[in-house]
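Visitor: Would you mind keeping the following structure in view while I ask a few things?
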Amino acid sequence: DAGVIQSPRHEVTEMGQEVTLRCKPISGHNSLFWYRQTMMRGLELLIYFNNNVPIDDSGMPEDRFSAKMPNASFSTLKIQPSEPRDSAVYFCASSSANLRDSSSGEKLFFGSGTQLSVL
Amino acid sequence: SQKIEQNSEALNIQEGKTATLTCNYTNYSPAYLQWYRQDPGRGPVFLLLIRENEKEKRKERLKVTFDTTLKQSLFHITASQPADSATYLCALTALIFGKGTTLSVSS
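Below, the structure written as structure tokens:
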């Protein structure tokens with residue numbers, strides 16, 4: 169398996185533009201997570217899906233952020249309109265865990281991330 | 386609110402020594418805790434998971450302890466090598482990550 173695949177690897181855009189980040193999870197994994205990492209705040213969970221259904225989006229910073237998972241092999245995170253403070257590394261991760269069962273404890277597999285710079 | 390802290394941002398040790406990293410948490414009773422390694426420009430990579438009913442877990446030169454009374458986990462790397470230099474993150478389930486401790490092992 170190629171692991172979790174994210175695209176693009178780098179994205180540079182201007183304030184106000186729409187940004188779409190893409191993720192392909194590991195085949196057979198039923199949970200998908202989007203994180204944002206900055207020096208100040210570390211790695212923060214934005215949203216996670218279980219069996220393509222959004223379970224918890226309380227980490228999504230504002231309405232400018234949206235995420236979808238139309239099928240088991242693809243997810244997108246969209247920022248519209250983008251702002252300079254959105255600049256960060258965005259990671260996607262997948263797992264065979266079911267977080268509704270807190271004891272399942274499966275490990276996360278992370279993609280290489282998307283480095284987003286909003287000018 | 387739930388909070389997780391890794392006690393130092395950076396740790397510098399000499400090759401061959403044991404590195405000990407600390408993770409403390411509050412306002413939470415996790416069923417398990419995980420440790421990840423992150424190299425520059427890469428995503429975190431899973432190392433170890435320890436459950437609330439386990440006191441200690443080992444994997445090669447790595448050892449993790451979990452004290453639910455103290456709300457603390459310790460991560461040890463014995464006989465450290467320069468290749469162990471990286472940032473190490475602890476996580477309460479998959480939901481809350483610490484900011485990480487950057488370990489530098491000098492030869």
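These protein sequence lines are chains A and V, in that order. Offset between the first sequence (1-based) and this note's numbering: plus 168. Offset between the second sequence (1-based) and this note's numbering: plus 385. Ideal placement from N, C-alpha and C gives every residue a C-beta, glycine not left out.
#1: Just to make sure I have the definition right: I need the residues of chain A whose C-beta is within less than 9 Å of the C-beta of residue 468(V). Which are they?
#2: For residue 452(V), does the three-state DSSP call read helix, strand or coil?
#3: So is residue 179(A) buried or exposed if we call it buried at 16+ other beta carbons inside 10 Å?
#4: Note down the Cα distance separating residue 390(V) from residue 244(A), rounded to an integer number of angstroms.
#5: Using a C-beta cutoff of 9 Å, does residue 209(A) count as contacting chain V?
#6: Looking at the C-beta of residue 399(V), does it have a partner C-beta in chain A at a distance below 9 Å?
#7: Quick one: list the residues of chain A neighbouring residue 471(V), beta-carbon separation under 7 Å, in chain order.
#8: Let me know if residue 208(A) comes out buried or exposed under the rule of 16 or more other beta-carbons within 10 Å of its beta-carbon.
#9: Nearest by alpha-carbon distance to residue 237(A): which of 199(A), 175(A), 181(A) and 287(A) is it?
#10: For residue 445(V) and residue 432(V), what's the separation of their Cα atoms in angstroms?
#11: With a threshold of 16 other CB atoms inside 10 Å of the CB of residue 177(A), please say whether the residue is buried or exposed.
#12: Under the three-state reduction of DSSP, which class applies to residue 253(A): helix, strand or coil?
#13: Counting only beta-carbon separations shorter than 9 Å, does residue 427(V) have a partner in chain A?
#14: Run through the DSSP bridge pairs and tell me what residue 397(V) is partnered with.
#15: Using 9 Å as the limit for Cβ to Cβ distance, is residue 457(V) near chain A?
Guide: In short, the structure shows the following:
#1: Those do not exist, as residue 468(V) stays about 20 Å from chain A at its closest Cβ, beyond 9 Å.
#2: The three-state reading of DSSP puts residue 452(V) in strand, counting E and B together.
#3: buried
#4: 30 Å
#5: yes
#6: no
#7: Neighbours of residue 471(V) across chain A, judged by C-beta separation under 7 Å, do not exist; the nearest C-beta is about 14 Å away.
#8: Answer is exposed; the Cβ neighbour count stays below 16.
#9: 199(A)
#10: 11 Å
#11: Residue 177(A) should be labelled exposed.
#12: Collapsing the DSSP output to three states places residue 253(A) in a helix.
#13: yes
#14: DSSP lists 489(V) as partners of residue 397(V).
#15: no
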